[in-house]
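If you read the sequence shown in full-length UniProt numbering, its first letter stands for residue 1, the second for the next number, and so on.
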Amino acid sequence: MKRNSKVVKRFDLNRKLDINQRVDIIVPYGNYEGKYSSQVVDVKNSSIFTINTPFSEGEVINVPIGTKIDVMLRENTGLYQIPVKVIKREVEVTPLLIVELVGEVSKIQEREFFRLDIYQETEFRVVADNDDLINLNNFDEEAGLYNDLIRADNSHTYNAIIQDISASGLKMVTKDDSLVEGQILEIDFNFTNLPFDKILAKVVRVIVESKQDEKRYSIGVEFVHQNIVQRDKVIQWLFTKQRELRKKGLI
C-alpha cells in the first residue's frame, strides 16, 4: 500500500462499480506504461469485472494477459485504487479486458494522487543499500539520521532525467545500471527552489529500456519525507508548477 492511502475494508465491487462508469487505468511498467481512460462494461462477481480496452492516439492499448494494473475509481467521497490483473481479453463490439482483483483496495487523498509530467535534469547518488538501515516510518524521530545521510559524501553522483513527480515519489531515467529495488537515493531537488535542495527516496521499481540500441533504466522511487511539512511543500510546489505550465500553454 502506498503512503498517505487507507485500506478499504470489504470493498464491494458489485455496489461500487456501475455499467458505463468511467475509470482510469494505470499501467505501471512495460511497453504500455501510462495512464488511460476506460469504462466499466460488466461486473461478473465480487472479484472479476470487465472494462473497455483503452485507446491512445487511435491505437488499441493491448495490455498483455497477466499484467497487473491499477483501476482508479473517482467518487464524491474520494479516489479508489483497485489493484487488478488482466486475466482475459475479448472482442465484442469493442476490445475488452477482463480483470480480477488481486490485492487490497486503497482510498487515496486526491492531492496525493496528483502526478505532474515534467522534463527535468537532476543528479542522484546512493546513500544506503537497503531500507533496513533506516526507520522509514519514524523520520520525525530519526531526523539526525536523515540529515547524516543527506550530508554524507561517500558515493558517486549519477545524472538522470525526471519524467514525472507526485507527492509520494517520482519516475526518472538514467544510464546507471547499478540500481536495485530497496536502495535509498539522495536526489538533487534544487530545481524546486524549496527550503531543502535534496530529498531522500527509496527505489521501488527498476525497468530496463532500449532506445536506439542504447540501454537506459526507468527508475521509480518513493520519497522518504523527513516530516509532513516537507511532503506538503512538495505538494504546494506541484500545484504551483502546474499553474505555471498551464499559463505558458505547455500542458
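Don't be surprised by glycine CBs; every beta carbon is placed ideally from N, CA and C.
Annotation for Asn-14: Val-43 and Ser-46 place their beta carbon closer than 7 Å to its own, counting only its chain and skipping 5 residues before and after. Look at the beta carbons and you see the stretch 164-176 not touching the stretch 85-105: under three pairs across the two are nearer than 8 Å. Secondary structure note for Gln-242: its alpha helix (DSSP H) is the uninterrupted segment 228-247.
Boundaries of the alpha helix (DSSP H) harbouring Lys-16: 13-16, taken from the DSSP string. Within the same chain, Ser-46 come within 8 Å of Asp-12 by CB-CB distance, once the 5 residues on both sides are set aside.
Taking all protein chains shown into account, Ser-38 has 16 or more neighbouring C-beta atoms within 10 Å of its C-beta and is therefore buried. The alpha-carbon of Arg-74 is positioned some 43 Å away from that of His-156. Counting other Cβ atoms within 10 Å of its Cβ, Tyr-80 reaches 16 or more and is therefore classed as buried.
Taking a C-beta distance under 7 Å as the contact criterion, Ile-161 and Val-180 do not qualify as a contact pair. Contact check for Asp-197 against Glu-123 fails: the beta carbons are separated by 7 Å or more. For Arg-216, the enclosing beta strand (DSSP E) covers residues 214-223. Shown here for Asp-70: same chain residues with a beta carbon closer than 8 Å to its own, the five before and five after excluded, namely Ile-25, Ile-26, Pro-28, Gln-81, Ile-82, Pro-83 and Val-84 in chain order. Judged by beta-carbon spacing, Gly-182 lies beyond the 7 Å limit of Arg-205, meaning their Cβ atoms are not closer than that value.
DSSP, reduced to helix, strand and coil, places Asn-62 outside both helices and strands of the structure shown, so it counts as coil. In the three-state DSSP reduction, Phe-191 falls in the helix class (H, G or I).
Apart from the 5 residues on each side of it in sequence, Ile-65 sits with its Cβ closer than 8 Å to the Cβ of Val-86, Ile-87, Lys-88 and Arg-89 in its chain, given in chain order.
When DSSP states are grouped into helix, strand and coil, Phe-124 belongs to the strand group. In the DSSP assignment, Gln-39 falls within the unbroken beta strand (DSSP E) covering 34-43.
Distances from the alpha-carbon of Val-229 to those of Val-105, Leu-194 and Glu-214 put Leu-194 closest.
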